[in-house]
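**Q**
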Amino acid sequence: MVRSDVIVVGAGFAGAVISRQLAEAGRTVVVADRRDHIGGNAFDRLDAHGVLIHPYGPHIFHTNSPEVVAFLSRFTAWRPYEHRVVARIPWRGGHRVVPVPINRTTICRLYGVDLAPDQMQPFLDRIRTPVDPVRTSADVVLNAVGPDLYQAMFRGYTRKQWGLDPSELDTTVTSRVATRTDDDDRYFTDRFQHMPADGYTPMFRGMLDHPGIRLELGADLDAATAHARAPLVVWTGPVDAYFAHRFGPLPWRSLRFEHQHIPGQGRLLPAAVVNEGDEAVPYTRTTEFRWLTGQDHTGSSLVREYSSAEGDPYYPIPNPQAKALYQRYKDLADAEPATVFTGRLAQYRYFNMDQVVAAALVQAGKILG
Ligand code: FAD
Ligand code: UDP
529 MVRSDVIVVG AGFAGAVISR QLAEAGRTVV VADRRDHIGG NAFDRLDAHG
579 VLIHPYGPHI FHTNSPEVVA FLSRFTAWRP YEHRVVARIP WRGGHRVVPV
629 PINRTTICRL YGVDLAPDQM QPFLDRIRTP VDPVRTSADV VLNAVGPDLY
679 QAMFRGYTRK QWGLDPSELD TTVTSRVATR TDDDDRYFTD RFQHMPADGY
729 TPMFRGMLDH PGIRLELGAD LDAATAHARA PLVVWTGPVD AYFAHRFGPL
779 PWRSLRFEHQ HIPGQGRLLP AAVVNEGDEA VPYTRTTEFR WLTGQDHTGS
829 SLVREYSSAE GDPYYPIPNP QAKALYQRYK DLADAEPATV FTGRLAQYRY
879 FNMDQVVAAA LVQAGKILG
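For the sequence shown, the numbering used here begins at 529 and goes up steadily by one.
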């Protein structure tokens, strides 16, 4: 058994960033992951057909943080990429395919109107249902665009994705796709929107390639095993698992991925991702990877996502009940002197990749004093 100054549990963004920072400061680090690969859920690889895919669903990098870009740019070059998504939604007896987030195009196409930009808000004011105060994810959408678009684009998708009604989720969930009055059809508005030029996995390889870092894959650690191996533990796995689910398991949402490959050169989908607003369609979205990666290939690989309560934890559930239970675990975590909890699973936060990197950089700074 190799001992080190620090043991990092998890080789995703949180674990890789913190390992690198500590190793550069002279600490010896063992980073262990139960999976047989690095990168956590951002891992990418070539599939059997030679297409670069994201086995754990589409990962698009976007951030407003210059510090995060500067740090990651040490380990990768970038390819500019602005992500666009359409939603296929039930509408007036049929199905329509429109841009999401809702923008001027979405409204004009669905309502058969031709609105100048300054006529958008007055139109929205006619269809929306004012809600005050806005308390839930349902309120956010009803307050912005009213019941018809809420039903068609958000209610079914959200019920499938979370196994909960939007009225049972915090405002933060549907606020991620806020309504716009202009024609901007990009999914994100961040200043920096790029993909790692050669993919995520080579970037992780670069981060973890340091003489002070030793990588152990296929190593499933619990708290006791981790502590037996180093005076400091950085835990990036689920926080409830660290405490052996003492207060009962936290609610997590998982996904099942259905990958497929279709020969042919043209793009098959009208955008990188097609969201399925119809609750009767069992999956939430389909992604065609060649849009994301820019890869030129004789065939196209796609993935469909089916949400479920069973399986690996992918999403913390943003609602008051889950938060209350998390707070009990957080109180325990705060009292653990020799463990640092960081990342999406360890902090039970609906973090994007850049937020995980930013949090890990801060944690590394704290450890190093
Ligand atoms: P993870 O990537 O989950 O890494 C944790 C690692 O710890 C895992 O590899 C796990 O195997 C390991 N581990 C856990 N417990 C143990 C244990 N006991 N012993 C050993 N190893 C253990 N973010 C974006 O910014 N843009 C996107 O487009 C985007 N799309 C996403 C799509 C999907 C479907 C999902 C699920 C997430 C998406 N995200 C996206 C979020 C992004 O995946 C996360 O923010 C980020 O990957 C979290 O990094 P992490 O290191 O905290 O956790
Ligand atoms: N959402 C929706 N319909 C859509 C897009 C998003 O109902 O067409 C809701 C849904 O609840 C989703 C949330 O908005 O979980 C956040 O969407 P995002 O695309 O950010 O989800 P993620 O990529 O994190 O899965």
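Even glycine gets a Cβ: it sits at the ideal position worked out from N, Cα and C.
Within 10 angstroms of its Cβ, does residue 849 collect 16 or more other Cβ (buried), or is it exposed?
**A** exposed
**Q** For residue 550, count neighbouring Cβ atoms within 10 angstroms of its own Cβ and tell me buried if that reaches 16, exposed if not.
**A** buried
**Q** When you compare each of 628, 814, 584 and 852 to residue 678 by their alpha carbons, which one comes out closest?
**A** Distances from the CA of residue 678 to each of 628, 814, 584 and 852 were compared; the closest alpha carbon is that of 628.
**Q** For the alpha helix (DSSP H) that contains residue 547, what are its first and last residues?
**A** 541-552
**Q** Please report whether the beta-carbon of residue 714 lies at a distance below 8 Å from any beta-carbon of chain B.
**A** The chain labelled as chain B is not found in the depicted structure, where only one protein chain is given.
**Q** Could you name each continuous alpha helix (DSSP H) segment of 4 residues or more that falls completely within the stretch 699-759, going from the start of the chain to the end?
**A** 728-736 and 751-757
**Q** Looking at the structure shown, is residue 827 part of a helix, part of a strand, or coil, going by DSSP?
**A** strand
**Q** Could you spell out where the alpha helix (DSSP H) holding residue 595 opens and where it closes?
**A** Segment 594-600, the alpha helix (DSSP H) holding residue 595.
**Q** Can you tell me whether residue 799 is buried or exposed? The criterion is at least 16 other CB atoms within 10 Å of its CB, across all chains shown.
**A** buried
**Q** Is the beta carbon of residue 889 closer than 8 Å to that of residue 552?
**A** no
**Q** Spatial neighbours of residue 725 within its chain, please: CB distance less than 7 Å, with the 5 preceding and 5 following residues excluded, ordered by chain position.
**A** 604, 605, 606 and 607
**Q** CB residue 687 to CB residue 672, shorter than 8 Å?
**A** no
**Q** Nearest to residue 648 by alpha carbon, out of 842, 826, 754 and 708?
**A** 708
**Q** Could you give the distance in angstroms between the alpha-carbon of residue 530 and the alpha-carbon of residue 757?
**A** 7 Å
**Q** Quick check: does the Cβ of residue 685 come within less than 7 Å of any heavy atom belonging to the ligand UDP?
**A** yes
**Q** State buried or exposed for residue 592, treating a residue as buried only when at least 16 other CB atoms are found within 10 Å of its CB.
**A** exposed
**Q** Between which two residues does the alpha helix (DSSP H) containing residue 670 stretch?
**A** 665-673
**Q** At which residues does the beta strand (DSSP E) containing residue 848 begin and terminate?
**A** Where residue 848 is concerned, there is no enclosing beta strand (DSSP E), although the alpha helix (DSSP H) it sits in stretches over 848-862.
**Q** Here's the rule I'm using: 16 or more other beta-carbon atoms within 10 Å means buried, otherwise exposed. How should residue 775 be labelled?
**A** exposed
**Q** Less than 8 Å between C-beta atoms, sequence neighbours within five positions excluded: which residues of the same chain meet that for residue 736?
**A** Counting only residues of its own chain and dropping the five nearest sequence neighbours on each side, residue 736 has a CB closer than 8 Å to the CB of 539, 544, 547, 548, 559, 566 and 743.
**Q** With distance defined between alpha-carbon atoms, name the residue in 801, 897, 870 and 730 nearest to residue 601.
**A** In terms of CA proximity to residue 601, 730 leads the group 801, 897, 870 and 730.
**Q** Identify every residue that forms a DSSP beta bridge with residue 788.
**A** 830
**Q** So, is residue 695 buried or exposed, given that buried needs 16 or more other C-beta atoms within 10 angstroms?
**A** exposed
**Q** Does the Cβ of residue 689 lie closer than 7 Å to at least one heavy atom of the ligand UDP?
**A** Distances from the CB of residue 689 to the heavy atoms of the ligand UDP include at least one below 7 Å.
**Q** In the DSSP assignment, find the alpha helix (DSSP H) that holds residue 869 and state where it starts and stops.
**A** No alpha helix (DSSP H) contains residue 869, which is instead part of the beta strand (DSSP E) from 867-869.
**Q** When DSSP builds the beta bridges, which residues end up paired with residue 676?
**A** Bridge partners of residue 676: none, in fact.
**Q** Residue 821 to residue 580, Cα distance in whole Å?
**A** Going by C-alpha positions, residue 821 is about 7 Å away from residue 580.
**Q** Rank 577, 610 and 892 by C-alpha distance to the C-alpha of residue 791 and give the top, closest one.
**A** 577
**Q** Find out if the Cβ-Cβ distance for the pair residue 564, residue 684 is shorter than 8 Å.
**A** no
**Q** Can you give the Cα-Cα distance for residue 793 and residue 817, rounded to whole angstroms?
**A** 13 Å
**Q** Would residue 713 be called buried (16 or more neighbouring beta carbons within 10 Å of its own) or exposed?
**A** buried
**Q** Short of 6 Å in beta carbon distance, which residues of its chain neighbour residue 562, apart from the five on each side in sequence? Order them along the chain.
**A** 748.
**Q** Are residue 846 and residue 878 close, meaning C-beta to C-beta below 8 Å?
**A** yes
**Q** What did DSSP end up calling residue 810 once you bin it into helix, strand or coil?
**A** coil
**Q** Could you give the distance in angstroms between the alpha-carbon of residue 893 and the alpha-carbon of residue 599?
**A** Going from the Cα of residue 893 to the Cα of residue 599 covers about 13 Å.
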